[in-house]
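Here is the structure we will look at.
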Amino acid sequence: MSEAKKRKVHAPEFKAKVGLEALRGVKTINEIGQEYGVHPVQVGQWKKEIQAQAKTLFEGKRGPKPTAAHQEPELLYSEIGRLKVELDWLKKKSGISLS
């Protein structure tokens, strides 16, 4: 019986290199696949993956995050409320009046 074929595992750097070359459009996907020894369908998948992930490349690099701006006050107010309840409980338990 013949040996089973093992799947090739490609490094992320290799995938990026092949995908970016496909994005450039200088060569056809078939030519790129032959050059790197990868099936053309795989080259197309890597190209699509790079296109899909490109928009997340520059997110969050500058300035405050818009979602954190409105959540921070709510978080702080909830913390103040929790601490106030805890302080009131401790005052009541200890019998100390600080006023």
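If you're matching positions, the sequence shown starts at 1 in this note's numbering and goes up one per residue.
Note that the Cβ used here is the ideal one computed from N, Cα and C, for glycine as well.
Review point. With DSSP run on the structure shown, which of helix, strand or coil describes Ala4?
Key: coil
Point to revise | Boundaries (first-last residue) of the alpha helix (DSSP H) holding Leu20 | key: 12-24
**Study point:** Separation of Ala52 from Phe58, as counted between CA atoms
**Key:** 13 angstroms
Review point. Is Gly100 helix, strand or coil by DSSP?
Key: What is shown of the chain runs 1 to 99, which leaves residue 100 out entirely.
Review point. Do Ala22 and Gly44 have their CB atoms nearer than 9 angstroms?
Key: yes
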